[in-house]
Structure formats: C-alpha cells, structure tokens
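Participant: Residue numbers (the working numbering), protein chains in the order written: chain G, -19 to 113; chain H, -19 to 113; chain P, -19 to 113; chain R, -19 to 113; chain X, -19 to 113; chain A, -19 to 113.
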C-alpha cells in the first residue's frame, strides 16, 4: 500500500461544555497541526498517489471555514462537542467527499483510504482513518 | 477507526547480556519516550476515544515501577532480555489489562486495540500493537 | 555559558482586536508549547544550572493562570494585545521574578539570563530573552 | 504485531519531466530522510524483531547507489518518473529482497511486512508498505 | 531581546565541484527547511516583532528564484560553491535588505538582527546571523 | 556569525548519588542526542564553517569512550556528578581541544566558539557554549 501525507494547520477557539472535560469546559483554544494521509494500492500513470497540489488545495479549502474561528459560533457544530477526535472525523468527511466527487482529480477516485491526524500539543494527537469508497 | 495517542517518558539502566547485542551487552541505559495509541471504532457519548486524563494516569502508573530504575535488578524482569521491543509489549500488557479491568473507565472496555511505541534515539524506535479484547 | 531548557504547554483562547492582525482579529486560540531556558556562567555545587524540579514547578505555576483560559477575560491582560511575543515576555517576567525572590531555590539567584520560547504552530514561534539580574 | 523502525538519509538530484509536476519538471533535488519499519508477529529468541545492526547495514547498502546522485543519470531509473512514492517502493523492494535472501540474517525470513517512509520536506512524506513473503 | 521565527522550504539541485566535498562533488540535491528569526529590542505598537505576514511574503519572494532550481545554472551563483552556509548568508542578505528598504514594513527598520537557518538533513544544519543595521 | 551544527547520540547508565537528585540518585540511564554547533565569523576558502566530515569524526571519537557505558565505572568521572550539564561541558572540552590541536583540520583553528547540546528527553536538554580560543 502506498501513502502520501501532507500537512497544514489551524488555530481555533472552542469550549467543551461538559463536566467530563474538567478544565477544558470553558472557552479555550488550540493549534491543530493537521496531517492528511492518502492511501492507494497502486500508483497513477504519473507514479503518484495523488496530485499533491490538489491535495493541499482541498486541505486548505477544508480548513478555511475553521481557521481563526470560535467553533462554538459555527452553526455546523451547534450542540456538538468539538473534541479533537470529532474534528478529525469532520475533516476526514470533507476530504473523502472531495475524493469521491472528483475535486481531488480523477485519481482521487482511486484512493483506498484516508487518515486525518490532528496534533493538539507535543504530547497528544487524535486521528480518524476510513475507507474512501 | 479513531485513535488518540499520548506521550510520557522514562530513563532507565539495563544490560543486554548476550553476545548478539555487541556493545550493548554491558550496563548502559536509555531514555524511552513512550507513545500510547488507543484505537476505537466509534466515539463515546462524550465524542472521545478515551478519557485522556485517565489514559495519562494509567500510563504514568504503568511506567512508575520502571522510572529511574536499573531494569536488571527488577524481579519481574529476571532472566529476560529487556529489549525495546520487549518493553513495548510489557507496557502494552499493563495498559491493555487496565482497559479490560475498568481502570481506564467504562469507555476503556470499548477499545479495539492499543499500540505502544518506545523511541530510544532520534534514529530508532520499537512498538507493539495488539487487540484489547 | 551553561543552559538548561525545559518544556510545558498551554491551550488558550484570545482575540487580537486590531485590523493589523487580519483573520486573527476575532476570537480564536492556540496551543503554546513553552520552552524555558536558564543560563548560568558556572554550575552549582550539584553540577547543575538549576534544580530542574523547581524549574518545572515554577513554570507550571506561571502557566496555571493562563491554562484553558480565554485571555480576553483575564483582568491582567485588559486592553493588551496578547500576541505570542507579549506572552513570551509575560512568562519571562514571572520566571525571572521567581529566580530573584528565591522561588527557584538559592541557586536561582545565580542565573545570568532566561529565555522563554512559545511555539504557536509547526511554522512559527516567538521568544523573549533577558537578564535575570 | 511488533515493529522496529530505523532511519537513514540521502541527498539526490532529479527531474520529473512531465507537465503534471509543474515547477518540479526541471532539474531540482531533495533530502530524503528514510525510515524503514520492520514488522513481525513474534519476537526472535533474542527478544528482537530484527538485528538492528544488520537492518541499518542493509538500509545503508540500499541507499548507497542513490546517495549524492543525479537520479536522471542512473540506468536503473531510465524513463521512470522518480517520484517520492516510486522511490519508497524501490527501497522497499531492495530491503524485502534482503529479508528473503537472508541478508538480514536468519530472522529476516520471519518478518511479516516492511514499510519504507521518505520524508521530503517538513510538510510532505510518502511511504510504501508491503508483505515480505 | 524579542524574537519571531518563521519557516518555509525549498528543494534544489546543485554540485560542489571541489575535491574537498568528496561524494558531494557531483550533481545532487537537497531539501532546505529554512527558518528565519527576526530580533528586536522592543515590540512595535502592535506588540509584535514584525508583521508575520510580511515576513512570510518576503521569505517566499526570497526563496522563489531558488525553488526547484539547479543552482549550478543560476548566473548569480556562477563560480560560487553553493554550500549550505553560503546559501544561509545569501538568504540573510536578501531579507536584511528587505528590512532596510521597507519591504518588511516600517517596523522592519527597527529590527536588531536576523538569523537564517537551513536544515539540510535530520542531522545537519547551518545558519548565518547578522545585524540588520 | 556563521554556524554549522551536527548530531550524534549515546546511550549510557549512571547514578547521581546525592539527595538533591531525588529519584535519579540510583542507577538509571539516558539516551543523549548530542548536537554540536561550530561558530565562525567568516567562511573558509571552501565556503564552509568546518569540514563536516572531520566534525562528525571528532564527535564520534569524543563520544566513543562514553557510548554504551556505565559512567559510574569510568575512572575519568570518579567522584563527579555526571549531570547532563557536566557532560555537555566534558564533550565541549574535548571538541574545543580538537579544534585547537588541528584534529578538526587547519580550519578548526579559525572557529570562534562551540556549543554542545544534550537532549535527554523530549522535554529537557542542557548545553554548554564557550570560546574555542
């Protein structure tokens, strides 16, 4: 299995309003360094997994509505606990949809799976990996 | 599949008394930076893989009997070659047991698998990944 | 010159309400990985620059009022632009004061200077370095 | 599953002569930091996945024909697009062959799979993982 | 002293045609991860060392003529040994000039010094630090 | 000022037999990732700070008597507290001597200063920087 992994980042505010989260219940924030890994069984005619420029563009477009935002105020997250795990899945869903609808180029349709990793500190990170098909 | 990975570290002395290990046969030591990854098919009701505080506590408790020790003098390792691979499995076993016995909270019982990685230098690391169930 | 450098981290929300900051004007947030370097011309009687445990405690105490906070709501920062540079100096001031007042132990009084570095993303960081005396 | 991963590096020149690669069509170059991960279901009698010295030697021998080369001038790559993905597979093939032919020692024959990762910048990397058998 | 440091990167080919450089005499290449640190005694009215957006733009403009190039073919480097140290100074000169001529904004004129670091592998890096004035 | 920095590593055992060191009083160990930075005002005729091959050789020779050793048993350290700071200075002294006696080549005599940094964990490091002359 081949893999190509690229990186971008966002800085956001949010709260996790549930006693479960202790000191993180109130308004705070995070830098999320976001790695997206694209998996493919065989290479394309150009010997790549994916057009890396298209991959970076789709990642940037996916992150844009979140960048420099207070996630608590985004309608799409109303009533949701925007944990790192939840955000990894949110970003995965957007990039997997881009792969399926051709936004990643024709080759994007040949991807086997995608993994989105969010590094939240030097000591903790979360990821979601799933099939594209 | 979701994953959350957290980090702690230990500094230990040990020897690897077998000609196979060449210069590492005698008493020497290592800093092991320890990453533990918890895998889960679905998120809990709190949108997490695991209570990250509980995970860090269990990791710290698991490492405590090893921290600042000479592993050659620990009865539990008598007659064992305490390679990095062996220690990764040792830590995995303790954390997997904690997941099964409820020490990681009720949600720990829903974990699919765990991976323990020990970084021994900037150029080498070892890991063990296994099912929790 | 000797140096010892230790690391901790905080996750905060804030806004930078000035047109100068473009997309960072609104409420957003950051993970700051904080490195504090202690400089000393000669080692203490114990062959160290500083009691590393005391250094980590003072760093943790310094960061505690900021951790998981919305900096916009902290009285001490009212009317201030809490840039990464500004926060590096804020943390420096607290740790330098601890060095001078003995909170870092007697040896803290022998420090020459301190440098506080805040990593805000994988691509950007800010620091403040100053004399302790 | 156990894993041991080791690191080496090469600095090469090459071109990617196809319009698909945009600015990378002309002669340019890269530092590839190369991580090779060896996977094994059970440890050997010495409690290791692989003789780490043998693994590093095989990796160095595999990289030697590429180190400080212009890949465009190597007969083995004539007419090939030497993308990072392609090179990951090229290195994988050589190391997997070494595992099968005994160059990694008798224990090399017990490996389950191998993963070769090439870091090309701080923001992008590619890998190939495959079965050894 | 305050400092802000930002990162970009280039991938280039070149040769070092002198027996001194051994295996690096022929055409090969490198990824240079480039960190530029801006030093300033006091913060600007906006509590920053430099407009980080302007800094990143100037860095990108400075690197653009080098990105994806064969340095041996660039007239500006004719007859020069384009070592990592030499390139650090080349980039420093361009950014220091930008600071002096106002391309970094009015605040750029208040910088005390600049340091340019080029990481060429995970094991080696070079830098040049100098006064702006 | 120009700088070139290179990296090597050692794995050692030692004890710090003084109540000051708490849990680190007994026999334990460490991986030290060692960075050595060479500073020079002007480049040599070959556009370098130092012959990087000679620098790596001298570093390896300096570390060899420590690698895979129990520092408590080395006569040169008898009665000394082998803290990370102390070891940074020990390595500095050896490399500075090599610079002065010509072991780093004729160019080594033109160095301004050297800095030796020992990373002991992902959270702590110590260094010593001094003049060569």
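Glycine is no exception: its CB is placed at the ideal position from the N, C-alpha and C atoms.
In this text, all values refer to a predicted model and were calculated from it rather than measured experimentally.
Taking the alpha-carbon positions, what's the residue 68 of chain H to residue 36 of chain X distance?
Facilitator: About 42 Å.
Participant: Taking three-plus beta-carbon pairs below 8 Å as touching, is the region -17 to -1 of chain G in contact with the region 102 to 110 of chain R?
Facilitator: With the cut-off at 8 Å, the region -17 to -1 of chain G and the region 102 to 110 of chain R touch.
Participant: For the region 2 to 12 of chain P against the region 23 to 39 of chain P, are there 3 or more C-beta pairs whose distance is under 8 Å?
Facilitator: These segments do not touch.
Participant: What first and last residue would you give for the alpha helix (DSSP H) that runs through residue 119 of chain X?
Facilitator: Shown here, chain X extends from -19 to 113; a query on residue 119 of chain X therefore has no answer.
Participant: Leaving out the 5 sequence neighbours to the left and right, which residues in its chain are closer than 6 Å to residue -5 of chain X when beta-carbon positions are compared?
Facilitator: Closer than 6 Å at the Cβ level, and outside the excluded window around residue -5 of chain X, lie 6, 7, 52.
Participant: Going straight from the alpha carbon of residue 38 of chain P to that of residue -1 of chain R, what length do you get?
Facilitator: Their Cα atoms are separated by approximately 57 Å.
Participant: Is the beta carbon of residue 73 of chain H within less than 6 Å of some heavy atom of the ligand SAM?
Facilitator: The model depicted lacks the ligand SAM and carries no ligand whatsoever.
Participant: Taking the alpha-carbon of residue 42 of chain P as reference, which of P:111, P:113, P:96, P:100 has the nearest alpha-carbon?
Facilitator: Checking every option, the nearest Cα to that of residue 42 of chain P belongs to P:96.
Participant: Determine the burial state of residue 93 of chain R: buried for a count of at least 16 other Cβ atoms within 10 Å of its Cβ, exposed for fewer.
Facilitator: It is buried - the Cβ of residue 93 of chain R has at least 16 other Cβ atoms within 10 Å.
Participant: Considering only C-alpha positions, which residue in the set A:58, A:112, A:54 is nearest to residue 76 of chain A?
Facilitator: Among A:58, A:112, A:54, the Cα nearest to that of residue 76 of chain A belongs to A:112.
Participant: Going along the chain, which unbroken runs of the beta strand (DSSP E) with 3 or more residues stay wholly within the region 10 to 50 of chain A?
Facilitator: As far as the region 10 to 50 of chain A is concerned, it has no whole beta strand (DSSP E) run of at least 3 residues.
Participant: Between A:66, A:79, A:88, which lies nearest to residue 26 of chain P when the distance is taken from Cα to Cα?
Facilitator: When only C-alpha atoms are compared, the closest one is A:66.
Participant: Just to confirm, is the Cβ distance from residue 73 of chain X to residue 24 of chain X under 7 Å?
Facilitator: For residue 73 of chain X and residue 24 of chain X, no; Cβs fall outside 7 Å.
Participant: Could you pull the start and end residues of the beta strand (DSSP E) that residue 97 of chain H belongs to?
Facilitator: Residues 93 to 99.
Participant: Kindly list, in the order they appear in chain H, the residues whose Cβ is closer than 8 Å to that of residue 33 of chain R.
Facilitator: What residue 33 of chain R touches in chain H: 2.
Participant: Is residue 21 of chain G buried or exposed, if buried means 16 or more other CB atoms sit within 10 Å of its CB?
Facilitator: Residue 21 of chain G should be labelled exposed.
Participant: Determine the DSSP secondary structure at residue 106 of chain X, reduced to helix, strand or coil.
Facilitator: In this structure, residue 106 of chain X counts as strand in the three-state DSSP scheme.
Participant: Which term fits residue 15 of chain G, buried or exposed, when burial requires 16 or more other beta carbons within 10 angstroms of its beta carbon?
Facilitator: Residue 15 of chain G comes out buried.
Participant: Give me the subset of the region 19 to 50 of chain H whose CB atoms are less than 9 Å from a CB atom of chain A, sorted by chain position.
Facilitator: Residues 47, 48, 49, 50.
Participant: With C-beta atoms as the reference, is residue 11 of chain G less than 7 Å away from residue 64 of chain P?
Facilitator: Not a contact, by the Cβ cut-off of 7 Å.
Participant: Just how far apart, CA to CA, sit residue 100 of chain P and residue 13 of chain P?
Facilitator: Computed Cα separation, rounded: 7 Å.
Participant: Among the residues of its own chain, which have a CB less than 8 Å from the CB of residue -19 of chain H, if the five just before and after it don't count?
Facilitator: So the qualifying residues of the chain are 19, 20, 21, 92.
Participant: Opposite residue -14 of chain X in the DSSP bridges: which residues?
Facilitator: P:104, X:16.
Participant: So residue 78 of chain R packs on residue -10 of chain R, CB below 8 Å; how close in whole Å?
Facilitator: Residue 78 of chain R to residue -10 of chain R, Cβ: 17 Å. No contact.
Participant: Taking CB distances under 7 Å as the criterion, tell me whether residue -11 of chain G reaches chain P.
Facilitator: Taking Cβ atoms only, chain P reaches closer than 7 Å to residue -11 of chain G, which makes this a yes.
Participant: Throw me the rounded Cβ distance for the residue 34 of chain R and residue 85 of chain R pair, which I believe falls under 8 Å.
Facilitator: With a Cβ gap of about 5 Å, residue 34 of chain R and residue 85 of chain R count as contacting.
Participant: Where DSSP assigns a beta bridge to residue 111 of chain R, which residues make up the other side?
Facilitator: Paired residues: R:93.
Participant: If you draw a straight line from the C-alpha of residue 45 of chain G to the C-alpha of residue 90 of chain X, how long is it?
Facilitator: When rounded, the distance between both Cα atoms is 35 Å.
Participant: In this structure, how does DSSP classify residue -19 of chain A when only helix, strand and coil are distinguished?
Facilitator: Reduced to three states, the DSSP call for residue -19 of chain A is coil.
Participant: Using only the alpha-carbon positions, how far apart do residue 110 of chain H and residue 81 of chain A sit?
Facilitator: If I take the Cα positions, the gap works out to 55 Å.
Participant: Starting from residue -18 of chain H, find everything on chain G with Cβ-Cβ shorter than 9 Å and list it in chain order.
Facilitator: Correct list: 65, 68, 69, 106, 107, 108, 109.
Participant: Between residue 128 of chain G and residue -7 of chain P, which are expected to be in contact by the criterion C-beta below 8 Å, what is the C-beta distance as a whole number of angstroms?
Facilitator: This structure cannot settle anything about residue 128 of chain G, because the visible part of chain G is limited to -19 through 113.
Participant: Between residue 91 of chain R and chain G, is the shortest Cβ-Cβ distance under 7 Å, so that the two count as touching?
Facilitator: Chain G, which has no Cβ nearer than 7 Å to the Cβ of residue 91 of chain R, makes this no.
Participant: With a cut-off of 7 Å, does the C-beta of residue 86 of chain G fall near any C-beta of chain R?
Facilitator: Judged by the 7 Å Cβ criterion, residue 86 of chain G is not in contact with chain R.
Participant: Could you tell me which residues DSSP pairs with residue -7 of chain P in its beta bridges?
Facilitator: Beta-bridge pairing links residue -7 of chain P to P:9, P:50.
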